[in-house]
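**Student:** What follows is a single structure, and I will ask about it in a moment.
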Amino acid sequence: MERVARTSLVDVVVDRLRDEIRKGSWPVGTKIPTEAKLVEALGVSRPSIREAVRSLVQLGLLESRQGDGTYVVAEDETTVALQRVVDTADRDEVQLVRHTLEVLAAREAATNRSAADIDALRVALQGRRSAKARADLDAFIDHDVAFHFGVARASHNTLLLDFYSSFENAMRDPAHGAFCMGVPEDAHRDFHNDLFQAIQRGDHSAATRAAIYGLDVHERHLHAVGS
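Residues 109 to 335, numbered by the numbering used here, are exactly what the sequence shown covers, in order.
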């Protein structure tokens, strides 16, 4: 029988910093406190803080920016690991898995959505339309991703959201965003609005159909462009 290993001080600091990130004390995109402040707050040495931060950088939760500080770039290392797998996977396989999650998220969102979820989806949908009208690609991608993430979040299935989050880089591809923004509104019905309406009224069958229809439209246009 192996002896139980002692927990190092660095491991304890890593866990404390990870907990602060996970509970939202330092949201993604924000800078963590300076090394001196962390030393004061945790009562440990600078080398322990430095090593703990280095560990979290390697896990993909933090990013050190020369001359600027250290920023939170992710909340969970599992999502980071999944994202790395997705980023190097075959494109067709990525599309297939993501599309499966889209349909599942739509169905579950219609069943489990809250009033706050509906408000967030409405804001994202309106922002998407406005950005498209202005031909603002960056804003369009931001709102489009926010809408789809909003659907996944409205499912209130943490595991589903974690898996879905790993596709963010693929969803933010500028070429894909330009393609979506360039589809004429009168070429097909607005399945984003259909999906929103179905989720809002709690119709999981209609939400599933809307998600499938949207994916079919996407696939047809991809094949048309590739042919």
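Think of the CB as a built atom: it goes at the ideal place given N, C-alpha and C, for glycine as much as any other residue.
Just to confirm, is the Cβ distance from Gly168 to Lys139 under 8 Å?
**Tutor:** Against the sequence shown, residue 168 aligns to sequence position 60. Against the sequence shown, residue 139 aligns to sequence position 31. Taking 8 Å as the Cβ cut-off, Gly168 and Lys139 do not qualify as a contacting pair.
**Student:** Output the boundary residues of the beta strand (DSSP E) element that contains Leu170.
**Tutor:** Numbered from its first residue, the sequence shown carries residue 170 at position 62. Unbroken beta strand (DSSP E) run through Leu170: Leu170 to Arg173.
**Student:** Pull up the distance between the alpha-carbon of Ala218 and that of Val180, whole angstroms please.
**Tutor:** Translated into the one-based positions of the sequence shown, residue 218 becomes position 110. Translated into the one-based positions of the sequence shown, residue 180 becomes position 72. Distance between the alpha carbons of Ala218 and Val180: 32 Å.
**Student:** Measure from the C-beta of Ser313 to each C-beta in chain D and report whether the shortest distance is under 8 Å.
**Tutor:** Judged by its chain identifiers, the structure shown contains no chain D, having just a single protein chain.
**Student:** For Lys131, name the three-state secondary structure that DSSP assigns.
**Tutor:** Here the question's residue 131 lines up with position 23 in the sequence shown. If DSSP states are grouped into helix, strand and coil, Lys131 belongs with coil.
**Student:** Quick check on the burial criterion: 16 or more other C-beta atoms within 10 angstroms. Buried or exposed for Leu252?
**Tutor:** The count along the sequence shown starts at 1 and reaches residue 252 at position 144. The sequence as given places Asp at residue 252; Leu does not occur at that position. Asp252 is buried by the Cβ-count criterion.
**Student:** Reducing DSSP to helix, strand and coil, say where Gly177 ends up.
**Tutor:** As a position in the sequence shown, residue 177 is number 69, starting the count at 1. It is a strand residue.
**Student:** Taking Val188 as the reference, which of Glu148, Arg162 and Phe275 has the closest Cα?
**Tutor:** Indexing the sequence shown from 1 puts residue 188 at position 80. For Val188, the nearest C-alpha among the options comes from Phe275.
**Student:** Distance check for Val136 and Leu125, CA to CA, integer angstroms please.
**Tutor:** Looking up residue 125 in the sequence shown gives position 17. Looking up residue 136 in the sequence shown gives position 28. Between Leu125 and Val136, the C-alpha separation is close to 13 Å.
**Student:** The alpha helix (DSSP H) with Asp51 in it runs from where to where?
**Tutor:** The chain is shown from 109 up to 335; residue 51 falls before or after that span and cannot be answered.
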